[in-house]
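Student:
There are 2 protein chains.
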Amino acid sequence: MSVLRSRRHVLLPGLFALAIGANVATTVPAQAQPQGQRARTPNDTLKSVEVSPDHKVTFRIYAPKASEVSVNGDFKGGGKMTKDEQGVWSLTTGPLRPDFYTYGFNVDGVRTVDPKNAMIKQGIANVDSMLLVPGEESEFEATKDVPHGEVRQAWYRSATLGEPRRLHVYTPPGYDQGTEKYPVFYLLHGAGDDDSGWSTIGRAGFIMDNLIASGKARPMIVVMPNGSLPRPTNFPRTAPGTAPSPEARAAMEAIQNRFTDELLKDVAPFVEGHYRVLPGVENRALAGLSMGGGQTLRLITTNPDRFAYVGIWSAGLFGGNPDEWEKRNAAFLDQAKAFNGTVKLLSIRVGDGDFALAGTKNLDEVLSRHDVKHELTINDGGHTWINWRKYLSEFAPRLFR
Amino acid sequence: MSVLRSRRHVLLPGLFALAIGANVATTVPAQAQPQGQRARTPNDTLKSVEVSPDHKVTFRIYAPKASEVSVNGDFKGGGKMTKDEQGVWSLTTGPLRPDFYTYGFNVDGVRTVDPKNAMIKQGIANVDSMLLVPGEESEFEATKDVPHGEVRQAWYRSATLGEPRRLHVYTPPGYDQGTEKYPVFYLLHGAGDDDSGWSTIGRAGFIMDNLIASGKARPMIVVMPNGSLPRPTNFPRTAPGTAPSPEARAAMEAIQNRFTDELLKDVAPFVEGHYRVLPGVENRALAGLSMGGGQTLRLITTNPDRFAYVGIWSAGLFGGNPDEWEKRNAAFLDQAKAFNGTVKLLSIRVGDGDFALAGTKNLDEVLSRHDVKHELTINDGGHTWINWRKYLSEFAPRLFR
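If you read the protein sequences in the order shown, they are chains V and C.
What the first sequence shows, in our numbering, is residues 1 to 401, in sequence order.
What the second sequence shows, in our numbering, is residues 1001 to 1401, in sequence order.
1) Kindly say whether Gly1178 of chain C, judged by its beta-carbon, lies nearer than 9 Å to any beta-carbon of chain V.
2) Assuming contact is defined by CB atoms lying nearer than 9 Å, are Ser290 of chain V and Ala315 of chain V in contact in what I supplied?
3) So what's Leu399 of chain V in DSSP terms, helix, strand or just coil?
4) Does any C-beta atom of chain C lie closer than 9 Å to the C-beta of Arg152 of chain V?
5) May I ask you to list, following chain order, the residues of the segment 1053–1068 of chain C that have a beta carbon less than 9 Å from some beta carbon of chain V?
6) Any chance the segment 1200–1212 of chain C sits against the segment 1138–1155 of chain C, with 3 or more Cβ pairs inside 8 Å?
7) To which residues of the same chain is Thr302 of chain V closer than 7 Å at the C-beta, ignoring the five residues directly before and after it?
8) In terms of residues, what are the limits of the beta strand (DSSP E) holding Ile212 of chain V?
9) With a CB to CB cut of under 6 Å and the five nearest residues on each side skipped, what residues in its chain are close to Val1069 of chain C?
10) Got a sec? Which residues, its chain only, sit under 7 Å from Lys1344 of chain C by beta carbon, not counting five neighbours each side?
11) Kindly indicate if chain V contains any beta-carbon less than 9 Å away from that of Trp1155 of chain C.
12) If you draw a straight line from the alpha carbon of Ser1228 of chain C to that of Gly190 of chain V, how long is it in whole angstroms?
13) Considering only the alpha carbon of each residue, which of V:Phe59, V:Ser199, V:Gly353 and V:Glu262 lies closest to Glu163 of chain V?
14) Report yes or no: is there a C-beta of chain C within less than 9 Å of the C-beta of Arg389 of chain V?
15) Tell me the residue span of the beta strand (DSSP E) that contains Trp155 of chain V.
16) Let's test the definition: count the other Cβ atoms within 10 Å of the Cβ of Gly1094 of chain C and tell me whether it reaches 16, buried, or not, exposed.
17) Which residues in the same chain have their Cβ closer than 6 Å to the Cβ of Arg203 of chain V, if we skip the five residues on either side of it in sequence?
18) When burial is assigned at 16 or more other CB atoms within 10 Å of the CB, is Gly14 of chain V buried or exposed?
19) Should Lys1116 of chain C be labelled buried (16 or more other beta-carbon atoms within 10 Å of its own) or exposed?
20) How is Met81 of chain V classed by DSSP in three states: helix, strand or coil?
21) Beta-carbon within less than 8 Å of Ala159 of chain V's beta-carbon, same chain only, minus the 5 sequence neighbours each way: which residues are those?
22) Please classify Thr338 of chain V as buried or exposed, where buried requires at least 16 other C-beta atoms within 10 Å of its C-beta.
23) Using only the alpha-carbon positions, how far apart do Asp176 of chain V and Tyr1275 of chain C sit?
24) Run through DSSP, which three-state label would Ala1239 of chain C get?
25) Does any residue of chain V bring its CB to less than 9 Å from the CB of Asn1321 of chain C?
26) Please list the terminal residues of the continuous beta strand (DSSP E) segment that includes Leu367 of chain V.
27) Using a Cβ-Cβ distance under 9 Å, would Gln86 of chain V count as near chain C?
28) Going along the chain, which residues of the segment 1076–1101 of chain C sit with their C-beta nearer than 7 Å to a C-beta in chain A?
29) Have a look at Leu1357 of chain C and Arg1040 of chain C and give me their C-alpha separation to the nearest angstrom.
30) If you run the structure through DSSP and keep just helix, strand and coil, what is Val1028 of chain C?
31) Can you tell which of V:Pro304, V:Arg218, V:Lys65 and V:Gly178 has the C-alpha that lies nearest to the C-alpha of Glu85 of chain V?
32) Can at least three beta-carbon pairs, one atom from the segment 214–221 of chain V and one from the segment 244–258 of chain V, be found at a separation below 8 Å?
33) Would you mind giving the Cβ-Cβ distance between Leu1091 of chain C and Val1071 of chain C, rounded to the nearest angstrom? I have them listed as a contact below 8 Å.
34) Going by other Cβ atoms of all chains shown within 10 Å of its Cβ, with 16 needed for buried, is Asn257 of chain V buried or exposed?
35) Within the continuous alpha helix (DSSP H) that includes Gln1256 of chain C, where are the two ends?
36) Where does Met224 of chain V fall in DSSP's three states?
Below, the structure written as structure tokens:
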């Protein structure tokens, strides 16, 4: 009972500190963090992150005993932080383009989120801190005073996987007040993420709210399933920084085929049975980033008549051999005419600093060789959510027109 | 462009490591974490947390340079961890009662979530890791293969606060397929949390799913608003471990009064306008824990005719003077008869190890003195979610009968 007893003695101040708004440094539950009358530390009033009016970002972390601390994220200007005499490490970037960013600290080899920042992006195996640099460029993804749709967590039973699975569903403003049916857009995340990614760092709901409010996009239902499938215990491991073995690639291939079943035989029927979606291929869109782009490509090559609007982002044939891919997908490529008749938009996008650039160009070449109608757009930037949010904001307005 | 360039070079392996299921140690975005051909470390395959069949929990963190590492949470057996020759710190608890728990590490004074565990509970100023010890006792809150309702994130415009605000809403299984109306239960979180708390560590949706599936609770809508109101910049600070000043108490009082307006003038009208809720006091329940229990108490004393079922958990008159409270609430206390006629259940609960025990007993005494009909139940345990989930699972079945 010692923990309970200590709680009884130390928690009253702890809770009041919370209740009346003292700065809370701990990431440990207040009720489990004995505080007593301890001396104050710089951590009590430490602020991180801080964004200046000129869009510079200052990161701070209290680590008096650490010998090396760095901050890194999907922005320029991260790196080693400097320590002051009080044990507070800090780093200030140059002006960052207004946008959302993810980052984390590395404290003497221990990677951690920012203990002072509760904005969190969760993955299947990692957690990042998030920050917003507000400004004109990030207006499209900001939480604005416009009519908001709902982002729903729903559960369905997957026959393919034999377990209950969660997905996120965006329903447009007014969905519950009306009876009309909507087109449906299946939006896939990348490796390491789950069905929450597009609703945290992906900002999908806010991007759609803003597009719909300004009349730039049609109201639609956006379905964000979990593309990270459970792996067999004997799944071949690949060490970080090493290339996957042929066995590992084959195992990944099998998992990707399962996802095709998962989406078409489990997710889509659940969605069509539980939400007011318009029938017909012309009311169905599909897009994905990175691994989700690979899943999207596999879905349309194996089921070319299911989706009229398709986006493949930061993926292409990454890793794969184009000739081999061309052979494997001969059946699809031979149907180019039929596919071109069904698909109103096949948009392929990648950044010029994205490792998927080469694979994307390979895909473009093979599709062109077989007259598969598509667009290729190469823009600035790397393999980051900065691009994927931008792609969503430019793709959604073109859907269901 | 150095970051982008380094990305182009290092990310392919990084992404494949993710894509094909290598253990991902980092909490930093894969694309921002140069990995190159770096040497492997014990962190690559480190597992945390690990729950043994006999319900012991092992925590591990790779911190080769740290001199002191501890783990603490809302369970017994946390504390200082021990380091092995590879730089991995670990601690194994004794058998824990099957339940959900929150915890965090302290690495040389830096508090961090578990970098190896993506189960996260978010607050307004803190982030905790979560773990589940599966077993018979945690079945009531587990994700089971039963019909699931939805947990929705919705946004409304608060006139009281003059900003868009988010709330979480649980709709029961089948809500979208039917047209019937449901009773509504307003469920409030505690200090330091936001509207997501009851849906992460609170497990509200799963608890309701399981109760409804077993016929123990009526299908109902559960509304979980954000009770942590924005504070004026001149809000009096209270250092952790110190008692609040009279000014700080007064400021908190003003904020609590604003929450009464927020719930009755903004949240409830939004809910009644957007969800199929049954009208009438007999179809309205309200409960809250800790700060939310204080908000609940304030709501019913100022609006005694609005809710027929009320729960006050781990709150009571904590901190307050009973005689002073009795004076301030004379108007309410004098209406005991009318209140007793309206309210079918006023359930007051607290743990015997909870710092709110004394304040709860004070509330019980004052209410008894004025013949305000209520129940007082004191059970084991402290000021923890372990109790609050239990209270929800025992309160919900008694609603709207």
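Yeah, the Cβ is synthetic: ideal placement off N, Cα and C, and Gly gets one too.
Tutor: Concretely, from the data shown:
1) no
2) yes
3) coil
4) At least one chain C Cβ lies under 9 Å of Arg152 of chain V.
5) Ile1061, Tyr1062, Ala1063, Pro1064, Lys1065, Ala1066, Ser1067 and Glu1068
6) yes
7) Hits under 7 Å: Thr260.
8) Taken as a continuous stretch (DSSP letters only), Ile212 of chain V belongs to no beta strand (DSSP E), being part of the alpha helix (DSSP H) at Ala204 to Ala213.
9) Ala1063, Met1081, Trp1089 and Val1107
10) Ala1308 and Tyr1309
11) Chain V, which has a Cβ nearer than 9 Å to the Cβ of Trp1155 of chain C, makes this yes.
12) 33 Å
13) Nearest option by C-alpha distance: V:Glu262.
14) no
15) Glu150 to Ser158
16) exposed
17) Glu141 and Arg389
18) Per-residue confidence for Gly14 of chain V stands at a pLDDT of 36, beneath the threshold of 50, marking its modelled position as unreliable; the derived number appears in the next sentence. Result: buried.
19) buried
20) coil
21) Lys265 and Asp266
22) Residue identity check: residue 338 of chain V is Ala in the sequence provided, not Thr. When all chains shown are included, Ala338 of chain V counts as exposed.
23) 7 Å
24) Looking at Ala1239 of chain C - three-state DSSP - the assignment turns out to be coil, as it is neither helix nor strand.
25) no
26) Counting along the chain, Leu367 of chain V falls outside any beta strand (DSSP E), though it belongs to the alpha helix (DSSP H) covering Leu357 to Arg369.
27) no
28) You won't find chain A in this structure, because its protein chains are V and C.
29) 51 Å
30) Confidence at Val1028 of chain C is low in this model, with a pLDDT of 32, below 50, so its placement is unreliable and the value that follows should be read with caution. Coil.
31) V:Lys65
32) no
33) 5 Å
34) So Asn257 of chain V counts as exposed.
35) Pro1246 to Asp1261
36) If DSSP states are grouped into helix, strand and coil, Met224 of chain V belongs with the strands.
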